[in-house]
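In our numbering, the protein residues as written are 7 to 122.
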């Protein structure tokens, strides 16, 4: 059977559910030929829109990068320099982002832990 820690505390279905909800493709590049794992990893990649590849298939592995680049991500990545001082290390800081663009607006709430 599979090692108990294969998918950590979450389990395969929870990982797939999270990936699907956040439009995350999971790609598996396999170095092994264990049939039990092959079926599992193929299922994981298929269910999330990713690909299962064997490392020895050089053409497929080469084409994977282009395939990943073509995947349209509907999210934005926002970077900024925080004004949080060193006294807030390891503390959670709330963040609110408000966007107005071409007669459309949106608000997102989140946060981060101030790094050490």
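C-beta: ideal position from N, C-alpha, C; glycine also. Being a predicted model, the structure only gives us computed values, none of them experimental.
When the Cα of residue 33 is compared with those of 20, 27, 14 and 61, which residue comes out closest?
61
So what does DSSP say about residue 72, is it helix, strand or coil?
helix
Hey, quick one: how far does the alpha helix (DSSP H) through residue 22 stretch, first residue to last?
18-27
Counting pairs of beta carbons, one from the region 50-70 and one from the region 17-34, are three or more of them closer than 8 Å?
yes
List the whole-angstrom C-beta distance separating residue 113 from residue 84, where the pair is believed to meet the contact cut-off of C-beta under 8 Å.
With 8 Å as the limit, residue 113 and residue 84 do not qualify as a contact, their Cβ atoms being about 13 Å apart.
Would you call the region 59-73 in contact with the region 86-100, where contact means no fewer than 3 C-beta pairs closer than 8 Å?
no
Please name the residue, chosen from 105, 100 and 19, that lies closest to residue 46 on a Cα-to-Cα basis.
19
Local conformation of residue 120 per DSSP, three classes:
coil
According to DSSP, simplified to helix, strand and coil, what is residue 89?
coil
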